[in-house]
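**Q** I'd like to ask some things about the structure below.
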Amino acid sequence: MASTQPEQPKSAQADERLGSSSTVVEGNNLEDPKPNTEEEEEDVEYPPTAQAALVMLALILGIFLTALDRTIIATAIPAMTDEFHSLDDIGWYGSSFLLTSCCFTLFLGRVYTFYSPKYVYLSVILLFEVGSAVCGAAPNSVAFIVGRAIQGAGSAGMMSGGMVLLVKSVPLAKRPAWMGAIGGTFAVSSVIGPLLGGALTTHASWRWCFWINLPLGFVTLIAIVFILKPIEPFKKGLATKEKVLQLDPLGTAFLLPSLVCLILALQWGGTTLAWSNGKIIALLVLFGVLLLAFIAVQITTPKTATIPAAIVKNRSIIAGSFFVFTVFSSMMVMVYYIPIWFQAVKGVSAVESGIRTIPLVLSMVTGTIIAGFGTSKIGYYTQFTWLTSLLLPVAAGLISTWKVDTGHAEWIGYQVMCGFAVGIGFQQANLAAQTVLKRVDVPTGLALMVFSQTLGGAVFISVGQNVLASNLVKGITKLVSDVDPAMIVNTGATDLRELVSAEQLPAVLEAYNEALHHVFLVAAGVAAVSILGSSTLEWKSVKKNEKATVEKGKDKDVEKQQDSAT
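Have a look at this one:
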């Protein structure tokens, strides 16, 4: 017979789990965070499958655009500098986007928690579109840099927001397949960015690298407006003042400038300015001071922390963040410097170098799709991160063995191995965040993963540039005594053969290849360290909630039958 104990109203149950207005602040300071429970999954009303699929396709288009804009200007920069006469501003064209993207990711993760994810996402799309319009219409270099900064801020919200809307639209057990599609899209757009940028610049104008975002972004915006129903915040019932306090304004005031200092130091150090320059030292010191101040605020005001204790103390979140930091760092080094190897060492054009990285793209997409459907089938995701940690260092190490005369078999085969290694485990940390955290903490957990990816890329692209420059100077000095090393370093990879004579070229190519060998070793090293993250990631199943909910439904049916029988 059914229990006679009175049942709480459904709304009361939801408030108890997700945090009511009186307990929500305390929820940020849980010392024993519980994962996504079957009760939480059961209470969520997901849209119909067809509607959810349309929403996800719109989100995937948005992620395609944001990832594309990280790399699309690589081959457009020469035409831009010719028009703007702004050679000194080149560094800002990429770093302004990266800077605001990195700075606003964690902040927007908190915004997604306390405001409707649908309307926050629409706001950041509009921000991204405004930035794209400013870049496309920029009359001078300063306006273009401002546009890139606006784009970066919008991109930060679109990356993490896409994951948040996935959580709100698709049950946990069905998310891995969509995560695979998202990961594949990100991989494709990151790698084809320079190829598409070169094609648009050559056949139309560099401005079309940004105009193209407007119609495509508009499609995403309209789809979200009309297809996705209004979504309630993860935390409800807060007054405006409480919401503002929960956004951690004091912590944000320390975090944002600390990241600005770090990224500026990474962008300028070893290239524009020597690492021993007083400005670089001051930026690094200021970064350290501000970061310590941010940490102090997080410790002393845990109830309004940007990264709540429930997240900081979660083993899977720490392991996952470290894993994506290292894997994404290695991936971005490959994405940036493999085309340079083709252009400098093999002497192909920027467009041709993009075509030659297709094996990397296709294998990355294949890996993400296999991991997505594999996780959906067996439920567990940790084993795929192990594969990445085992295969990626080997693949990067093999790429570091490329020589001036390396043939097609090696440069195709090693790229395939590298791309598959990245793809098979790239999205698994995002799944971990959705699986082990309470639903109310998922937006912040996902934002932390995106932040780790962005920061890792920023740090190691800069490291790669410094390793390339320093080793190139050493190699040129050693092998070609009558060539100015600074001239080679400051010249684009495609123009290398125009600067040296036919007699000097073999030695210069050997020096360039040796310098890139050290860059790829950096990628191999950071990939090897990822084992510390994958080996400590908890073994959790995305299917546990689905199974528990089915069993609970069966139990309720039995109870109803018993009640009707009595």
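Read left to right, the sequence shown gives residues 1 to 566 (the UniProt record's numbering). The C-beta atom is built at its ideal place from N, Cα and C for all residues, glycine as well.
(1) Within 10 Å of its beta-carbon, does Asn513 have 16 or more other beta-carbons around it, so buried, or fewer, so exposed?
(2) Do you know offhand how far Ile531's Cα is from Ala395's?
(3) When DSSP labels each residue in this structure, what does Tyr46 get in the three-state scheme?
(4) For chain C, find out if any of its Cβ atoms is closer than 9 Å to the Cβ of Gly270; answer yes or no.
(5) Using the rule of at least 16 other Cβ atoms within 10 Å of the residue's Cβ for burial, across every protein chain shown, is Phe342 buried or exposed?
(6) If contact is defined by three or more beta carbon pairs under 8 Å, each pair taking one atom from either stretch, is the segment 409-420 in contact with the segment 199-211?
(7) Could you check the C-alpha separation between Met417 and Leu360 for me, to the nearest Å?
(8) Are the CB atoms of Leu291 and Leu255 nearer to each other than 9 Å?
(9) Exposed or buried, what is Thr304 when buried is set at 16 or more other beta-carbons lying within 10 Å of its beta-carbon?
(10) Comparing C-alpha positions only, which one of Ser535, Lys543, Thr100, Ala447 sits nearest to Leu263?
(11) Given 8 Å as the limit, is there contact between the segment 346-357 and the segment 180-198, that is, 3 or more CB pairs closer than that?
(12) Could you spell out where the alpha helix (DSSP H) holding Gln504 opens and where it closes?
(13) Looking only at its own chain, which residues have a Cβ that is under 7 Å from the Cβ of Ser353, when we skip the five neighbours before and after it?
(14) Would you report the Cα separation of Thr366 and Gly423, rounded to the nearest angstrom?
(15) Go to Trp268, then tell me how far its alpha helix (DSSP H) extends in each direction, as first and last residue.
(16) Got a sec? Which residues, its chain only, sit under 7 Å from Val526 by beta carbon, not counting five neighbours each side?
(17) With respect to the alpha helix (DSSP H) encompassing Arg315, which residues constitute its N-terminal and C-terminal limits?
(18) What does a CB cutoff of less than 7 Å around Val134 pick up in its chain, not counting 5 residues either side in sequence?
(19) Taking all protein chains shown into account, do 16 or more other C-beta atoms lie within 10 angstroms of the C-beta of Leu126, making it buried, or fewer, making it exposed?
(20) Do you know how far the Cα of Met56 is from the Cα of Ala50?
(21) Apart from the five residues on each side of it in sequence, which residues of its chain come closer than 8 Å, Cβ to Cβ, to Ile231?
(22) Starting from the Cα of Phe64, find the closest Cα among Ser155, Pro78, Val130 and give me that residue.
(23) Give the single residue among Gly379, Leu214, Leu238 whose Cα lies nearest to the Cα of Ala432.
(24) For Phe226, does the count of other Cβ atoms within 10 angstroms reach 16, so buried, or fall short, so exposed?
**A** In brief:
(1) Buried: at least 16 other Cβ atoms inside 10 Å.
(2) CA-to-CA, the gap between Ile531 and Ala395 works out to about 15 Å.
(3) Coil at Tyr46, not helix or strand.
(4) Of the chains in the structure shown, none is chain C; there is only one protein chain.
(5) It is buried - the Cβ of Phe342 has at least 16 other Cβ atoms within 10 Å.
(6) As far as the Cβ criterion goes, the segment 199-211 does not touch the segment 409-420, which means the pair count is below three.
(7) If I take the Cα positions, the gap works out to 8 Å.
(8) Yes. Within cutoff.
(9) By the neighbour-count definition (other C-beta atoms within 10 Å, threshold 16), Thr304 is a buried residue.
(10) Note on identity: in this sequence residue 263 is Ile, with Leu being the wrong assignment. Minimum Cα distance to Ile263 is reached at Thr100.
(11) The segment 346-357, when compared against the segment 180-198, does touch it at the 8 Å Cβ threshold.
(12) No alpha helix (DSSP H) holds Gln504; DSSP gives it neither H nor E.
(13) The residues are Pro339, Phe342, Gln343.
(14) If you draw a straight line from the Cα of Thr366 to the Cα of Gly423, it comes to about 7 Å.
(15) Boundaries of the alpha helix (DSSP H) around Trp268: 249-268.
(16) Cβ neighbours of Val526 within its own chain (closer than 7 Å, five residues either side excluded): Thr326, Ser329, Ser330, Phe460.
(17) Residues 315-344.
(18) Here the set comprises Ala143, Val146, Gly147, Ile150.
(19) So Leu126 ends up on the exposed side.
(20) Answer to the nearest angstrom: the Cα atoms are 10 Å apart.
(21) Excluding sequence neighbours, Ile231 sits near Ser116, Pro117, Lys118, Leu165, Lys168.
(22) Nearest of Ser155, Pro78, Val130 to Phe64, Cα basis: Ser155.
(23) Distances from the alpha-carbon of Ala432 to those of Gly379, Leu214, Leu238 put Gly379 closest.
(24) So Phe226 counts as exposed.
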